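Asker: Just passing along the structure, written as structure tokens.
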Amino acid sequence: MATAAAASTSEAEAEPKAGPTAEGEEDDVKTARTRRKVLSRAVAAATYKAVEPGWDQPEEGASESDGDEEYAMASSAESSPGEYEWEYDEEEEKNQLEIERLEEQLSINVYDYNCHVDLIRLLRLEGELTKVRMARQKMSEIFPLTEELWLEWLHDEVSMALDGLDREHVYDLFEKAVKDYICPNIWLEYGQYSVGGIGQKGGLEKVRSVFERALSSVGLHMTKGLAIWEAYREFESAIVEAARPIAGFLSPFDREQTFDSQLEKVHSLFRRQLAIPLYDMEATFAEYEEWSEDPIPESVIQNYNKALQQLERYKPYEEALLQAEAPRLAEYQAYIDFEMKIGDPARVQLIFERALVENCLVPDLWIRYSQYLDRQLKVKDLVLSVHNRAVRNCPWTVALWSRYLLAMERHGVDHRVISVTFEKALSAGFIQATDYVEIWQAYLDYLRRRVDFKQDSSKELEELRSAFSRALEYLKQEVEERFNESGDPSCMIMQNWARIEARLCNNMQKARELWDSIMTKGNAKYANMWLEYYNLERAHGDTQHCRKALHRAVQCTSDYPEHVCEVLLTMERTEGTLEDWDIAVQKTETRLARVNEQRIKAAEKEAALAQQEEEKAEQRKRARAEKKALKKKKKTRGADKRKAEEDDEKEWGDDEEEQPSKRRKVENSTPPAGEAQDLEAETGLFGKSAPLDVDAPSKQKERAAALKRDVPKVPHDSSKDSITVFVSNLPYSMGEPDVKLRPLFEACGEVADIRPIFSNRGDFRGYCYVEFKEEKSALQALQLDRKTVEGRPMFVSPCVDKSKNPDFKVFRYSTALEKHKLFVSGLPFSCTKEELEEICKAHGTVKDIRLVTNRAGKPKGLAYVEYENESQASQAVLKMDGMTIKDNVIKVAISNPPQRKVPEKPEARKAPGGAMVPRQIYGARGKGRTQLSLLPRALQRPSETAVQAENGPAPPPAVTASAATEAPKMSNADFAKLLLRK
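3 is the number of the first residue of the sequence shown in this note's numbering; add one for each residue after it.
This is the structure we're talking about:
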């Protein structure tokens, strides 16, 4: 049972109790037997040599290297090619060309992960053993390798190992492999391979050391730790079985030193394992009862029962991982929270490592793990190892590099090593300009802490100043050239340098030079920058330079000049002479007067623009009213004309037949079916029946509304919203939309009904409802959104009643920063998705490409390209930005759409007193900074017009006596009634 469990090295994370399947049962049994034979033979030979040096009885035809050969056969049968008989044909030529292309690609971009993997695969296929070893070595220096890549590499090296030097090389590879990720399968392979060298000097101690380290690393793994425990126990049991035949020939002392002590090692492994909560603990306990000749101690049973109770507490989290799909980040986060509450450092570390195996590209997870180690464990080797793995997995994340530099400084790493790490960070390819500012700031802080400022001059101080100069030059050349910005608009690095020179080096001259440079970079208009400089002069300079700085600030500041003026007057009131005071007052009054004039002009301009907007709105309103009145007048004339024609016809008709018809129309507003058909045929061009009675104009609207009600509406049951989708943006010219759309949606599931929407004239309005039998079909139908139908992108969205959910909006694409997605602009309209994909896939694995179109399906020259990870996206930005495609120069950037402006609600605009204020009081852009009303009285509108709200009806004004007596306006219908009364 033990070897069978150990042989299941490829079991999945979610399968805690894996047994041989029906298809591979025979292979699993053979592998288990082979490994058991390797263990027993190697251990027996070592035991014979250790107990009786002259007693060496190897099996016939067996040698010391048999263990290696059989291990290679058992462990690499599934991955090694087997027979190296290659035929050079067309496929061989094709592979060689592809290898050359990949090597050239890597010479351009060494951080192309997929290119490394493809090159290794092809070289291994071609049997280029030396080249594939070099390719693997280069890739492992840049990236951490996955478990599959390591196992494949190790199996190849094991199969080629011939002597002791090769075995040491394989040991070194195993040591590198177990450092990338905590993988139980690699530890199991390591332990079993070390058994093959048990006959060498120190081989037995090497095997035990490897297994003990494996237990420390993954022995607590609830689903895969069992294989390590059983393999180790099987190894020790094999030693016992090998020593048992010669135990009777030993003296009591030698027996106690060899056989009995070895037996106790097996007992100890059983007891240690049963004290840990692992899956299949019951079977292990039963095996211990069967193996042990003595009764199991009570303390072991108590620890076993305690471990069973702990297992029940962990099972919900393990079962959640079992049921979820990779990468299972949410489930791992919940598991981590649970472990951190318990507080066992070993288990916390293990669950972090398990989570990182599937989520190695999640920077936040690495940050949380490294933060826990920095604050809790504080073990140098462990902390630095995790930080190093973090930046190798997510090199584009500046926070990981900054934390790495801090950890190295915290644990006293050599300065040269820290400098090399910083240089690696600069070449990592950050995706924002501010990231470079942050990493430079972290490194400069480290250099500043190395300086002893008690000395006037030192090597560390010169290095710090040189680093500041290099940082400014780097941001100016490298970063600005790439991002069109330095990432440091406020010049924080220069400010820090100036503070260090002034406070720590007493070099105010250098600090002033730095601040002059800061102000020339567009910061002279900000009051806070001048006050920062003033405070530095105040603390480490002199009054003369303080006064000079404030005078310049008064002239240059444009955002808050009042604040600067107040500071200047306060200083002169405290320290200045009468002359200084007069000069300060004169300058501040002049400056504030000029500022007020500028603000008044700006307010007048805003008011004029607001007045123009209001006049334009009034004109549009008047034009709509005139158009509506003209349309109504034409409609009335048409009705009078038709009435006159009907009267002429009635003069020639039978009066006796006319009277019952008139009575029916008076008694019932709905005409009989025959008459309704005649009226529809007679007035079909108008889309509604014309009234026959001129003496009832109000009934005309009633009849029109009745006819509209008679048009059959499309019923929709809101209770079926979950199984219904709303389809829009369809071509208006589509004939029989229900017939044409049914095959498209039936691919998602059984369609219950398709309800297209038509106008009153029977024209298709471009949208419809599609109802399914099952909810999952409706969810799957949402994937058809933006699918082209007859040349237009079809919109498919959930069916939601917006009267009940007015804020509901459907937008399937993210509006936040997506570091793995690119936004491409400037594309030629003729560029297709396939052409763009061909260009983009040269820089990484392209998961999706979306060409942006308008509602008519015409391209807008924009596209979104989604890569597999952030590293590939950042490399693509470097290579593609500014590229020319069909005579068009494209722009490429990380996708970060601007925030959408939320419409301002009327109640949000209120005056300081709380009353509603019209928009034009504050101008078209809203309230100004000063919150003072600077609008001249001559331009202010009377209060009667100011009460008109922007987005709703204004409160009714007070009714005056003249207004009360004024006659109301009369409509055409009212005039018609007056004429009929006469």
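Ideal Cβ placement from N, Cα and C applies to all residues, glycine included.
What you are looking at is a predicted structure, and each value in this text was computed from that prediction instead of being measured.
#1: Does the distance from the CB of S720 to the CB of Y769 come in under 8 Å?
#2: Rounded to whole angstroms, what is the Cα-Cα separation between Q264 and I241?
#3: Can you check which of these residues, A609, R349 and D561, is closest to M531 by C-alpha distance?
#4: Using the three-state DSSP reduction, which class does R501 fall into: helix, strand or coil?
#5: May I ask which residues mark the beginning and end of the beta strand (DSSP E) holding V867?
#6: For V848, which option in Y306, A878 and S832 has the closest C-alpha, if you only look at C-alpha atoms?
#7: Would you say the region 168-188 touches the region 313-320, given that touching needs at least three Cβ pairs under 8 Å?
#8: Expressed to the nearest angstrom, what Euclidean distance is found between the alpha-carbon atoms of E738 and L819?
#9: Measuring only the C-alpha atoms, how far is T886 from R467?
#10: How many Å lie between T436 and E608 at the Cα?
#11: I'd like to know whether the C-beta atoms of A783 and F774 end up nearer to each other than 8 Å.
#12: Go ahead and pull the three-state DSSP assignment for W152.
#13: Tell me the residue span of the alpha helix (DSSP H) that contains F213.
#14: Please name the residue, chosen from E872, L829, V415 and E149, that lies closest to K862 on a Cα-to-Cα basis.
#15: Is it a yes or a no for the region 274-286 touching the region 216-231, going by three-plus beta-carbon pairs under 8 Å?
#16: Could you have a look at M342 and say whether DSSP puts it in helix, strand or coil?
#17: Return helix, strand or coil for L789, following the three-state DSSP convention.
#18: I need the boundaries of the alpha helix (DSSP H) containing R763, first residue and last residue.
#19: Ordered along the chain, which non-local residues of its own chain (more than five positions away) have a Cβ less than 6 Å from that of A940?
#20: Could one say the Cβ of A322 lies closer than 8 Å to chain D's Cβ atoms, at least one of them?
#21: Sort out for me which residues DSSP pairs F145 with in a bridge.
#22: Determine the direct distance from the alpha carbon of E130 to that of E100, and round the result to whole angstroms.
#23: Quick test of your reading: Y528 and G489, contact by CB under 8 Å. State the CB separation rounded to the nearest angstrom.
#24: Hey, how far is the Cα of S218 from the Cα of P347?
#25: Go ahead and label P297 buried or exposed: buried means 16 or more other beta carbons lie within 10 angstroms of its beta carbon, across all protein chains shown.
#26: Identify, in the order they occur along the chain, each residue of the same chain with its Cβ nearer than 8 Å to the Cβ of R235, setting aside the five sequence neighbours on each side.
#27: Please report how far the alpha carbon of N890 lies from the alpha carbon of V826, in whole angstroms.
#28: According to DSSP, is L853 helix, strand or coil?
#29: Helix, strand or coil, according to DSSP, for E266 in the structure here?
#30: Nearest by alpha-carbon distance to N390: which of N498, L533, S372 and P745 is it?
#31: I'd like the list of long-range same chain contacts for A895, defined as Cβ closer than 6 Å, with 5 residues on each side in sequence excluded.
#32: Do P297 and the ligand SAH come close, with the Cβ less than 7 Å from some heavy atom?
#33: Taking buried to mean at least 16 other C-beta atoms within 10 Å of its own C-beta, is G110 buried or exposed?
#34: What's the gap between the Cα of E534 and the Cα of R514?
#35: Quick one, are the C-beta atoms of L363 and N395 less than 8 Å apart?
#36: Alpha carbon to alpha carbon, how far is D483 from L864?
Answerer: Quick answer:
#1: Residue 720 sits at position 718 when you count from the first residue of the sequence shown. Residue 769 sits at position 767 when you count from the first residue of the sequence shown. Not a contact, by the Cβ cut-off of 8 Å.
#2: Here residue 264 refers to the residue found at position 262 of the sequence shown. Here residue 241 refers to the residue found at position 239 of the sequence shown. Approximately 7 Å, taken between the alpha carbons.
#3: Position 529 of the sequence shown, counted from the first residue, corresponds to residue 531. Closest option to M531, Cα to Cα, is D561.
#4: The residue given as residue 501 occupies position 499 in the sequence shown. Of the three classes helix, strand and coil, the one that applies to R501 here is helix, per DSSP.
#5: By 1-based counting over the sequence shown, the position of residue 867 is 865. Annotation: the continuous beta strand (DSSP E) that includes V867 extends over P861 to Y869.
#6: Residue mapping note: residue 848 aligns to position 846 of the sequence shown, counting from 1. Cα-wise, what sits closest to V848 is A878.
#7: Touching, no.
#8: As a position in the sequence shown, residue 738 is number 736, starting the count at 1. As a position in the sequence shown, residue 819 is number 817, starting the count at 1. If I take the Cα positions, the gap works out to 43 Å.
#9: Mapped onto the sequence shown, residue 886 falls at position 884. Mapped onto the sequence shown, residue 467 falls at position 465. Approximately 42 Å, taken between the alpha carbons.
#10: Residue mapping note: residue 436 aligns to position 434 of the sequence shown, counting from 1. Residue mapping note: residue 608 aligns to position 606 of the sequence shown, counting from 1. Cα to Cα, T436 sits roughly 36 Å from E608.
#11: Translated into the one-based positions of the sequence shown, residue 783 becomes position 781. Translated into the one-based positions of the sequence shown, residue 774 becomes position 772. The Cβ atoms of A783 and F774 lie closer than 8 Å to each other.
#12: Here the question's residue 152 lines up with position 150 in the sequence shown. DSSP places W152 in helix when its eight states are reduced to three.
#13: Numbered from its first residue, the sequence shown carries residue 213 at position 211. Per DSSP, F213 belongs to the alpha helix (DSSP H) from G205 to V220.
#14: On the sequence shown, position 860 is the one that residue 862 refers to. Answer by Cα proximity: L829.
#15: Contact between the region 274-286 and the region 216-231 is present, because at least three Cβ pairs lie under 8 Å.
#16: Along the sequence shown, read from residue 1 onward, the residue named residue 342 stands at position 340. Reduced to three states, the DSSP call for M342 is helix.
#17: Translated into positions along the sequence shown, residue 789 becomes position 787. The identity of residue 789 in the sequence shown is Lys, whereas the question assumes Leu. Per DSSP, reduced to three states, the secondary structure at K789 is strand.
#18: As a first step, residue 763 is located in the sequence shown; it is residue number 761 there, counting from the start. For R763, no alpha helix (DSSP H) run applies, since DSSP gives it neither H nor E.
#19: By one-based count along the sequence shown, residue 940 stands at place 938. Residue placement at A940 is poorly supported in this model, since its pLDDT is 48, which falls under 50; the coordinates still yield a value, given next. So the list is empty, once near-sequence residues are dropped.
#20: Structure shown: chain D not included; a single protein chain is present.
#21: Residue 145 sits at position 143 when you count from the first residue of the sequence shown. According to DSSP, which records beta bridges pairwise, F145 is partnered with nothing at all.
#22: Taking the sequence shown and counting its residues from 1, one reaches residue 100 at position 98. Taking the sequence shown and counting its residues from 1, one reaches residue 130 at position 128. Computed Cα separation, rounded: 14 Å.
#23: Numbered from its first residue, the sequence shown carries residue 528 at position 526. Numbered from its first residue, the sequence shown carries residue 489 at position 487. Not confirmed; about 18 Å, so no contact.
#24: As a first step, residue 218 is located in the sequence shown; it is residue number 216 there, counting from the start. As a first step, residue 347 is located in the sequence shown; it is residue number 345 there, counting from the start. Computed Cα separation, rounded: 12 Å.
#25: Residue numbering aside, residue 297 sits at position 295 when the sequence shown is read from its first letter. Classified as exposed, P297 has fewer than 16 neighbouring CB atoms from the shown chains inside 10 Å of its CB.
#26: Walking along the sequence shown from the start, residue 235 turns up at place 233. So the list reads A4, V268, L271, F272 and Q275, once near-sequence residues are dropped.
#27: The residue labelled residue 890 in the question sits at position 888 within the sequence shown. The residue labelled residue 826 in the question sits at position 824 within the sequence shown. Taking the CA atoms as reference points, N890 sits about 12 Å from V826.
#28: For the purposes of this step, residue 853 is taken as residue 851 along the sequence shown, with counting starting at 1. L853 falls in the strand class under three-state DSSP.
#29: As a working note, residue 266 is residue 264 in the sequence shown. It is helical.
#30: Start at 1 with the first residue of the sequence shown, and residue 390 comes out as number 388. For the residues N498, L533, S372 and P745, the minimum Cα distance to N390 belongs to S372.
#31: By one-based count along the sequence shown, residue 895 stands at place 893. Shown here for A895: same chain residues with a beta carbon closer than 6 Å to its own, the five before and five after excluded, namely F825 in chain order.
#32: The ligand SAH is not part of this structure, which contains no ligands at all.
#33: On the sequence shown, residue 110 is found 108 positions in, with the first residue counted as 1. Per the sequence presented here, residue 110 reads as Ile, with Gly not at that position. Result: exposed.
#34: In the sequence shown, the residue the question calls residue 534 occupies position 532. In the sequence shown, the residue the question calls residue 514 occupies position 512. Distance between the alpha carbons of E534 and R514 is about 12 Å.
#35: Position 361 of the sequence shown, counted from the first residue, corresponds to residue 363. Position 393 of the sequence shown, counted from the first residue, corresponds to residue 395. Inclusion of L363 and N395 in the CB contact set at 8 Å is warranted, their separation being smaller than that value.
#36: As a position in the sequence shown, residue 483 is number 481, starting the count at 1. As a position in the sequence shown, residue 864 is number 862, starting the count at 1. It is worth fixing the name first, because residue 483 is Glu in this sequence and not Asp. E483 and L864: Cα-Cα distance of roughly 23 Å.
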